[in-house]
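Following: one structure in structure tokens, then a few remarks.
Residue numbers (the numbering used here): 458 to 823.
Structural data, given as structure tokens:
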């Protein structure tokens, strides 16, 4: 524009072509950055390739005689190679590559300045030494070099803070999933009010190891912990495969909340089948109780909050589990009536539980 004048420059497609090329490259590089394969080297060649394709078709072979067109390709290749070289942010060479990349970027200013000076004053093109005899040229060269180093250090600091933020974010996400579970955490992130206390119709499952306290009396603490850990591992892996809203592990007890009695009964069958294999090695067994009905669920507490379910449905499910023998699944009449035909209900029982005046009708889930 300085060489040809603003009016002449704005009437030719050069400016608009390079803007189109740059914006296209920026868009694709940004999109690929979030993918598993960022393709940074290839991405940095999109701009010069698109610009060359359009301009060379208009200008012909004279396009390649322009030094700034050659410089465009040169810088694109070098920056692309440097970006590809720092694909691994944990590599000890990454900071040095980042510094070098920023110095190269800043040197674009000096390269364009040098090209402009040569085009306006042919004597500068005699030799490199002749060009740097001019103190203003040395000043601009040093200024751009220091600018590149300054930007590099700033970017390096920013990148380290970003990496620390990502690491902290991942740790907080993991800790939050421990307390809430992946599904509930996802809902809470999408909507901060999603887990406010509300009344819902849910199915609640309890599972407990029979005679566990007596078994612990003759075992070393390390042996007890080893069994409980394996018990938790099996239960957690299985419940994660089902439509479990939330599950809680405490000592030898498992509590899980489901959308429907069908989900709870399906999970109960698999739980009993897999857990029994583990417990039978120690001469133990587990009992399961399922009940369905209204309850209140959501985040409880003021400072430290935790997700829980409260109501008679929860208490009743716990009482039913207490009446189940080792290897049994007891389902309340309420929950049983909501199960489809593929779940066969066996023996009908009446159990007396604490807090209930009338006996509870339950069925053994076959």
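Every residue, glycine too, gets a C-beta built ideally from N, C-alpha and C.
Taking residue i as the reference, give the member of the options with the closest Cα.
i           : options            : result
residue 499 : 481, 513, 515      : 481
residue 799 : 767, 723, 758, 810 : 723
residue 507 : 605, 731, 561, 483 : 483
residue 664 : 525, 674, 714, 648 : 714
residue 831 : 587, 562, 519      : Any answer about residue 831 is impossible in this case: the structure gives the chain only from 458 up to 823.
residue 654 : 785, 490, 764      : 764
residue 725 : 814, 691, 596, 603 : 691
residue 650 : 756, 628, 458, 695 : 756
residue 531 : 611, 569, 471      : 569
residue 669 : 630, 613, 736      : 736
residue 493 : 519, 544, 460, 469 : 544
residue 503 : 486, 624, 518      : 486
residue 812 : 676, 776, 805, 591 : 776
residue 461 : 576, 584, 716, 589 : 576
Mind checking whether residue i and residue j have CB atoms under 8 Å apart?
i           : j           : result
residue 748 : residue 720 : no
residue 792 : residue 718 : yes
residue 657 : residue 795 : no
residue 743 : residue 708 : no
residue 560 : residue 609 : yes
residue 821 : residue 808 : no
residue 556 : residue 606 : yes
residue 601 : residue 566 : yes
residue 688 : residue 646 : no
residue 684 : residue 739 : yes
residue 622 : residue 552 : no
residue 810 : residue 659 : no
residue 539 : residue 512 : no
residue 572 : residue 524 : yes
residue 729 : residue 786 : yes
residue 470 : residue 515 : yes
Assign residue i to one of three DSSP states: helix, strand, or coil.
i           : result
residue 630 : helix
residue 657 : strand
residue 765 : strand
residue 665 : strand
residue 470 : coil
residue 552 : helix
residue 423 : Any question about residue 423 goes unanswered here, given that the chain covers just 458 to 823.
residue 743 : strand
residue 488 : helix
residue 779 : helix
residue 574 : helix
residue 463 : helix
residue 493 : coil
residue 755 : strand
residue 650 : coil
residue 812 : coil
residue 787 : strand
At what residues does the beta strand (DSSP E) containing residue i begin and finish?
i           : result
residue 790 : Here residue 790 belongs to no beta strand (DSSP E); instead the alpha helix (DSSP H) covers 790 to 793.
residue 818 : 817 to 822
residue 715 : 710 to 715
residue 706 : 701 to 707
Could you check where the alpha helix (DSSP H) with residue i kicks off and where it finishes?
i           : result
residue 504 : 503 to 516
residue 720 : 718 to 737
residue 687 : 678 to 698
residue 590 : Unbroken run through residue 590: none, as it is neither H nor E.
residue 532 : 524 to 542
Taking the beta carbon of residue i as the centre, do at least 16 other beta carbons fall within 10 Å, making it buried, or is it exposed?
i           : result
residue 771 : buried
residue 701 : buried
residue 505 : buried
residue 537 : buried
residue 501 : buried
residue 529 : buried
residue 789 : buried
residue 773 : buried
residue 704 : buried
residue 712 : buried
residue 734 : exposed
residue 803 : exposed
residue 750 : buried
residue 464 : exposed
residue 467 : exposed
residue 562 : buried
residue 472 : exposed
residue 599 : exposed
residue 824 : As displayed, the chain neither begins before 458 nor continues past 823, which places residue 824 out of reach and without an answer.
Let me see if you follow: with CB-CB separation under 8 Å, is residue i close to chain B or not?
i           : result
residue 591 : Absent here is chain B; the protein component of the structure consists of one chain.
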